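Heads up: the sequence shown runs through residues 17 to 170, numbered per my numbering.
Quick reminder that beta carbons are idealized off the backbone N, C-alpha and C, glycines included.
Values in this document were obtained by computation on a predicted structure and should not be read as measured data.
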Amino acid sequence: MPKSHVQAFFAYSFKNKEAHRSDYEKIKELLNNYQISCYSFVFDYTKKPENWQQLMSEALKQIDKSDYYFADPTIGSFGIGLEAGYAKGKNKKVFYLYKVGSEYEETLEGISNYVIHYKNVDDILDWLTNNITKIVIPGTDPESIKQVPTIIDF
């Protein structure tokens, strides 16, 4: 029976979250057009956590609910790497959003299904527009989709 709800989890660093808010909203709008809901812990989690364990527990619960994990470690974050490994271990498709000119994370590339090199959010939106139906169509068996890293260089 096909899954009726498809969700993408977006990971950004808390340190530089406002620099990503507009990009996240644009990507979210595009994916919503494909019936893919989006969740980003740095933007969508509104409770005040009692401690770091609760914070990570809540993030991992959202990853469990998601089908896709998008990581943008433009500003390095140990948490993003930890979450990405968790997502991969849970058989989620992992997307590495690499901002050209930032530090490249080889280990994140190593576990990613897709690597998207971008200069601005329009590059991500273009890539998603051109490839989203090849990656996911809600209700499609994810095992039937070929998982080959796609790299866009500029």
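Chain-order list of residues whose beta-carbon lies under 7 angstroms from that of I148 (same chain, five-residue window excluded): In the sequence shown, residue 148 corresponds to position 132, counting from 1. Only Y50 meet the Cβ criterion.
Check whether A24 and D83 have beta carbons under 9 angstroms apart: Here residue 24 is taken as the residue at index 8 of the sequence shown, counted from 1. Here residue 83 is taken as the residue at index 67 of the sequence shown, counted from 1. Cβ atoms of A24 and D83: closer than 9 angstroms.
Proximity winner among Q70, K150 and I140, relative to K44 (alpha-carbon distances): Position 28 of the sequence shown holds residue 44. Measuring from the Cα of K44, the nearest candidate turns out to be I140.
Minimum C-alpha distance to V137 - residue among T90, I151 and Y102: Residue mapping note: residue 137 aligns to position 121 of the sequence shown, counting from 1. V137 has its Cα closest to that of T90, out of T90, I151 and Y102.
K135 to H21 span [Cα, whole Å]: Numbered from its first residue, the sequence shown carries residue 135 at position 119. Numbered from its first residue, the sequence shown carries residue 21 at position 5. Straight-line Cα distance between these residues: approximately 31 angstroms.
Sub-9 angstroms separation of A115 and D88 beta-carbons: Counting from 1 along the sequence shown, the entry for residue 115 is found at position 99. Counting from 1 along the sequence shown, the entry for residue 88 is found at position 72. Going by the sequence as given, residue 115 is Lys instead of Ala. Taking 9 angstroms as the Cβ cut-off, K115 and D88 qualify as a contacting pair.
For Y40: DSSP bridge partner residues: Within the sequence shown, the letter at position 24 stands for residue 40. Beta-bridge pairing links Y40 to no other residue.
Counterpart residues of S56 in DSSP-defined beta bridges: Within the sequence shown, residue 56 is the residue found at index 40, counting from 1. DSSP lists F26 as partners of S56.
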